[in-house]
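J.: Sequential numbering from 98 applies to the sequence shown in the numbering used here.
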Amino acid sequence: MSILSPCPDLSVHADGAVALIRLSRPAKRNALNEAMVAGLQTLVSSLPTEIRAVVIHGEGDHFCAGLDLGEVDGEPDLAGGIRHSLGWHRAFQDIQFGRLPVISVLHGAVVGGGFELAAATHIRVAERSAFFALPEGQRGIFLGGGGSVRIPRLIGTPLVQDMMLTGRSLSATEAKAAGACQYLVDDGAGLALAVELAQKAAGIADMTRFAVIHALPRIAEADPSTGYLTEALMASVAQTMPEAKARVRDFLAKKAARVARPD
Ligand code: 1HE
Numbered sequence: 098m099s100i101l102s103p104c105p106d107l108s109v110h111a112d113g114a115v116a117l118i119r120l121s122r123p124a125k126r127n128a129l130n131e132a133m134v135a136g137l138q139t140l141v142s143s144l145p146t147e148i149r150a151v152v153i154h155g156e157g158d159h160f161c162a163g164l165d166l167g168e169v170d171g172e173p174d175l176a177g178g179i180r181h182s183l184g185w186h187r188a189f190q191d192i193q194f195g196r197l198p199v200i201s202v203l204h205g206a207v208v209g210g211g212f213e214l215a216a217a218t219h220i221r222v223a224e225r226s227a228f229f230a231l232p233e234g235q236r237g238i239f240l241g242g243g244g245s246v247r248i249p250r251l252i253g254t255p256l257v258q259d260m261m262l263t264g265r266s267l268s269a270t271e272a273k274a275a276g277a278c279q280y281l282v283d284d285g286a287g288l289a290l291a292v293e294l295a296q297k298a299a300g301i302a303d304m305t306r307f308a309v310i311h312a313l314p315r316i317a318e319a320d321p322s323t324g325y326l327t328e329a330l331m332a333s334v335a336q337t338m339p340e341a342k343a344r345v346r347d348f349l350a351k352k353a354a355r356v357a358r359p360d
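In structure tokens form, the structure reads like this:
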């Protein structure tokens, strides 16, 4: 299956049910220009139905150097700035709350808007070379790609304040301990693990996938009584699906895999 890229700085190809999207602007450390942000949105929203999971990774030595600073180097324009930020919000919302699970592979710089992009993905696999920073503080600007909503939820507001006020970078080990990523692997091993995880996520039943992407984060942020009710409704919807019935029957007939112990 071939998938057309909407933008020259993004490349995309399918590996079975997994689409691999690569930020391909290594000369500028994969800094995100408007076309790339819009292209990411177009891609995740229009992948063929055979695609059931996505991996986002970066070409060259870095995942992503954030916003293309060349695009803010002009006359300050209040309305344009808001429009720009809302454009990033829409694109990253479509990643976080789209049809598909999205896994990012993080190496080298994961900074500014690059960290914001990673935070919109569901699973983050960091390689040891990865370092995380929010240089918006040093550039005299602020998070604009939804990072002030998502990143504190991952690593906590005090650490985000520290990073923004002091320019602190987190090593991959510190980022893992803080909750910025779920996996930490050796350099060069991230993409293979991400594809393996994506293949597993691609095999999840449709309604469970919907619940995990759309219901779970809303339930987690809801007041508990709304959360419990939403969970009960969602659980009931999922378990009435024929796919759920078949999967449970397979387990009872000893045809489905048992839960594995961790390695
Ligand atoms: C860029 C960008 C960029 C590199 N916009 N051009 N992000 C930042 O403040 C991070 C800025 N970048 C860096 O700190 C470093 O480039 C890196 C640590 C990521 C990589 O260092 P290095 O030594 O490998 O590369 P370099 O020599 O600094 O950069 C190579 C080229 O990429 C160079 O251009 P050249 O024409 O001189 O070769 C750099 O100018 C260019 N480049 N990063 C534009 N970001 C929705 S709001 C989000 C707000 C933000 O993301 S603010 C944070 C922006």
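Backbone N, C-alpha and C fix where the C-beta goes; we use that ideal spot for every residue, glycine too.
Taking the alpha helix (DSSP H) that residue 160 falls in, what are its first and last residues?
T.: No alpha helix (DSSP H) holds residue 160; DSSP gives it neither H nor E.
J.: Return the CA-CA distance between residue 341 and residue 310, expressed in angstroms with no decimal places.
T.: Cα-Cα distance, rounded: 17 Å.
J.: Does the count of Cβ pairs from the stretch 110-127 and the stretch 182-191 closer than 8 Å reach three?
T.: Contact between the stretch 110-127 and the stretch 182-191 is absent, because fewer than three Cβ pairs lie under 8 Å.
J.: From what residue to what residue does the beta strand (DSSP E) around residue 186 run?
T.: Segment 175-193 is the alpha helix (DSSP H) holding residue 186; no beta strand (DSSP E) there.
J.: Can you name the start and end residues of the alpha helix (DSSP H) that residue 257 belongs to?
T.: Start and end: 254-263.
J.: Hey, would you say the C-beta of residue 213 is under 7 Å away from at least one heavy atom of the ligand 1HE?
T.: Checking every heavy atom of the ligand 1HE against the Cβ of residue 213, one is found closer than 7 Å.
J.: Could you spell out where the beta strand (DSSP E) holding residue 155 opens and where it closes?
T.: First-last of the beta strand (DSSP E) with residue 155: 150-155.
J.: Consider the C-beta atom of residue 182 and the heavy atoms of the ligand 1HE; say whether any pair is separated by less than 7 Å.
T.: At least one heavy atom of the ligand 1HE is nearer than 7 Å to the Cβ of residue 182, so yes.
J.: Which term fits residue 347, buried or exposed, when burial requires 16 or more other beta carbons within 10 angstroms of its beta carbon?
T.: Classification for residue 347: exposed.
J.: State buried or exposed for residue 190, treating a residue as buried only when at least 16 other CB atoms are found within 10 Å of its CB.
T.: Residue 190 is exposed by the Cβ-count criterion.
J.: To the nearest angstrom, report how far apart residue 107 and residue 255 are at their CA atoms.
T.: One C-alpha to the other measures close to 34 Å.
J.: Which same chain residues, not among the five before or five after residue 149, have their C-beta less than 7 Å away from its C-beta?
T.: Excluding positions up to five away in sequence, the list reads 114, 197, 299.
J.: Any chance the CB of residue 259 is under 7 Å from a heavy atom of the ligand 1HE?
T.: Incorrect: residue 259 has no Cβ contact closer than 7 Å to the ligand 1HE.
J.: For residue 239, name the three-state secondary structure that DSSP assigns.
T.: In this structure, residue 239 counts as coil in the three-state DSSP scheme.
J.: Under three-state DSSP, which class holds residue 233?
T.: Here residue 233 sits in helix by DSSP.
J.: What residue does the alpha helix (DSSP H) around residue 347 start on, and which one ends it?
T.: Where residue 347 is concerned, the enclosing alpha helix (DSSP H) stretches over 339-349.
J.: Less than 8 Å between the CB atoms is what I'm expecting for residue 127 and residue 161, so what's the real figure, rounded?
T.: Yes, residue 127 and residue 161 are in contact; Cβ-Cβ is about 4 Å, under 8 Å.
J.: Bridge partners of residue 112, per DSSP?
T.: Beta-bridge pairing links residue 112 to 115.
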